[in-house]
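**Q** The following block contains the structure, expressed as structure tokens.
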Amino acid sequence: MTQIQYLKNPRADEIDDSPAEFLQQLGQASCIVLDGEDTSRNRAFVTLLHGNEPSGTKALFRWLKSGQKPAVTTICIVASVQAALEEPVFEYRVLPDMRDLNRCFRAPFDDGQGMLAKEILDLLQEYNPEAVVDMHNTSGSGPGFGVAIYADAKHKALVSLFTNRLVTNDLRLGALMEISEHLFPTVTIECGGRLDDDADELAWLGFQRFFTLTDIFTAENIEEDIEVLRNPVRLELADDCNLEYADVPGADHDLILKTDIECHNFGLVKKGTQLGWVGDKGLSIFSASNIESECVLDELLTIENKCLYTSQNLKLFMITNNPVIAKMDCLFYAVKDNGNDISEF
Ligand SMILES: [Zn+2]
């Protein structure tokens with residue numbers, strides 16, 4: 525049974541009046557095929573793998589309403605429509621008890637999410653796009669960035685349509701962008717916070733470049749302009765630990781993070797910057813390991829009199845002040861201040 529419905533060249537007046545109504549209209553995972561000025565080449569735009577990340581859907585809605593024709597034939601895949609439509613709209617990353625769709629792009633494809641991922645992969649292979657952009661938002665507020673498994677000229681050029689930061693990762697988790705390894709150049713674009721107006725703007729500006737440029741791979745000065753952050757480590761929190769956000773230390777908490785913690789997103793965080801306070805359990809509430817699965821906690825954090833500090837100059841990102849996300853996903857990602865792996869000497 526297929527989960528994805530096809531639409532071809534919908535007219536602007538056939539699209540309902542808001543992104544949420546447009547999703548209602550779709551009602552299920554959808555592939556919208558838009559014929560280009562040049563129909564000999566294809567591109568693919570994927571979004572809403574996570575139902576709570578609206579910037580890509582909003583950009584697509586805006587494009588469809590504009591009635592424009594893309595430079596080349598472009599297929600637009602809107603994935604987790606049902607999760608996004610669950611009230612309140614754009615709140616659910618996945619429906620309850622479902623797997624994260626962006627971890628399902630590798631075998632086995634045996635549950636509902638796996639089968640949807642497989643259908644998306646089959647569709648992409650059918651159209652054989654010259655490039656794939658997969659648009660997301662971060663949970664916390666912050667500037668946008670691209671993610672790819674390679675930092676070569678093609679991936680940098682694609683990312684540069686949207687932002688000048690590229691995060692690369694050697695870990696393979698079953699994310700869509702990993703198809704770069706054997707199929708087509710694919711980048712994830714994290715437009716910025718899911719509630720940030722700036723994220724919608726970044727999405728729209730880049731979206732227009734991706735849809736209208738005849739050549740998306742010839743951006744100039746790519747080598748100098750793109751900052752590459754390699755193999756970030758995730759700082760994770762133990763399940764049984766309680767987390768609070770505050771600007772003063774308090775009893776009864778394993779971890780208190782400062783309320784303005786999100787301001788460190790992508791800035792240089794100097795050695796000895798205080799991030800918050802810990803309780804009696806100290807550093808044991810955290811885990812962080814590098815690509816070799818070695819613990820790198822001491823290279824990130826140090827404690828003095830229950831105050832929590834950075835132990836070297838770092839670049840941090842994906843910091844959130846949402847305790848649910850922080851516990852479910854991670855507190856932040858970190859690289860050295862030069863963009864390299866924490867464990868690089
Ligand atoms: Zn996402």
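Those letters in the sequence shown? Residues 525 to 869, by the working numbering. No residue lacks a Cβ here, since even glycine has one placed at the ideal position from N, Cα and C. Since the model is a prediction, treat every value here as computed from it, not as a measurement.
#1: Is H472 near ligand 1, going by C-beta to nearest heavy atom under 7 Å?
#2: Does the distance from the C-beta atom of S554 to that of V605 stay below 8 Å?
#3: Apart from the five residues on each side of it in sequence, which residues of its chain come closer than 6 Å, Cβ to Cβ, to N864?
#4: Is N846 near ligand 1, judged by its Cβ being under 7 Å from some heavy atom?
#5: Listed by chain order, which residues have C-beta atoms less than 5 Å from any heavy atom of ligand 1?
#6: V605 lies in the beta strand (DSSP E); which residues open and close that run?
#7: Examine the Cβ distances between the segment 639-648 and the segment 667-677 and report whether three or more of them are shorter than 8 Å.
#8: Within the chosen definition, does the segment 783-800 reach the segment 720-734 through at least 3 CB pairs nearer than 8 Å?
#9: Helix or strand or just coil, what does DSSP make of C765?
#10: Looking only at its own chain, which residues have a Cβ that is under 6 Å from the Cβ of V557, when we skip the five neighbours before and after it?
#11: Per DSSP, what kind of secondary structure is Q649 in: helix, strand or coil?
#12: Might you give, ordered along the chain, the residues of its own chain that have their beta carbon closer than 6 Å to the beta carbon of K794, omitting 5 neighbours on each side?
#13: Buried or exposed, going by whether 16 or more other CB atoms sit within 10 Å of the CB of C831?
#14: Could you check where the alpha helix (DSSP H) with I601 kicks off and where it finishes?
#15: What number of angstroms, rounded off, separates the C-alpha of P653 from the C-alpha of D724?
#16: Going by C-alpha distance, which of G730, D776 and T692 is nearest I815?
#17: Would you check if there are 3 or more beta carbon pairs closer than 8 Å linking the segment 750-767 to the segment 709-718?
#18: Given L619, which residues of its chain have a CB within under 6 Å of its CB, disregarding the five upstream and five downstream residues?
#19: For V613, which residues from the same chain have a beta carbon less than 8 Å from its beta carbon, with the 5 sequence-adjacent residues on both sides left out?
#20: My assumption, with CB atoms under 8 Å, is that L682 sits in contact with A595. Please give the rounded CB distance.
#21: Is it right to say L792 is buried, meaning 16 or more other beta carbons lie within 10 angstroms of its own, or is it exposed?
#22: Would DSSP call T738 helix, strand or coil?
#23: Taking the alpha helix (DSSP H) that D562 belongs to, which residues open and close that run?
#24: Taking C-alpha atoms, which residue in I849, I703 and K589 lies nearest to F629?
#25: Less than 7 Å between C-beta atoms, sequence neighbours within five positions excluded: which residues of the same chain meet that for A850?
#26: Does the Cβ-Cβ distance between M659 and A743 come in under 8 Å?
#27: Following the continuous beta strand (DSSP E) through S554, name the residue where it begins and the one where it ends.
#28: Hey, how far is the Cα of D749 from the Cα of I740?
#29: When burial is assigned at 16 or more other CB atoms within 10 Å of the CB, is H679 buried or exposed?
#30: Exposed or buried, P578, counting other C-beta atoms within 10 Å across all chains shown (16 or more means buried)?
#31: In terms of residues, what are the limits of the beta strand (DSSP E) holding V656?
#32: What residue range does the alpha helix (DSSP H) around L547 cover?
#33: Tell me, please, which residues DSSP counts as bridged to V671.
#34: If you reduce the DSSP assignment to three classes, tell me which class K860 lands in.
**A** Based on what the coordinates show:
#1: Shown here, the chain extends from 525 to 869; a query on residue 472 therefore has no answer.
#2: yes
#3: R754
#4: no
#5: H574, E577 and H660
#6: From DSSP, V605 is part of no beta strand (DSSP E) but of the alpha helix (DSSP H) over V605 to L609.
#7: no
#8: no
#9: coil
#10: K532 and I599
#11: helix
#12: N837
#13: exposed
#14: Careful: I601 lies outside any alpha helix (DSSP H), inside the beta strand (DSSP E) at V596 to V602.
#15: 25 Å
#16: T692
#17: no
#18: A607
#19: A544 and L547
#20: Not a contact, Cβ separation roughly 14 Å.
#21: exposed
#22: coil
#23: D562 -> not in any alpha helix (DSSP H); beta strand (DSSP E) instead, spanning D562 to T571.
#24: I703
#25: L761, L767 and T844
#26: no
#27: S554 to L558
#28: 16 Å
#29: buried
#30: buried
#31: V656 to T662
#32: P543 to L550
#33: V691 and T712
#34: strand
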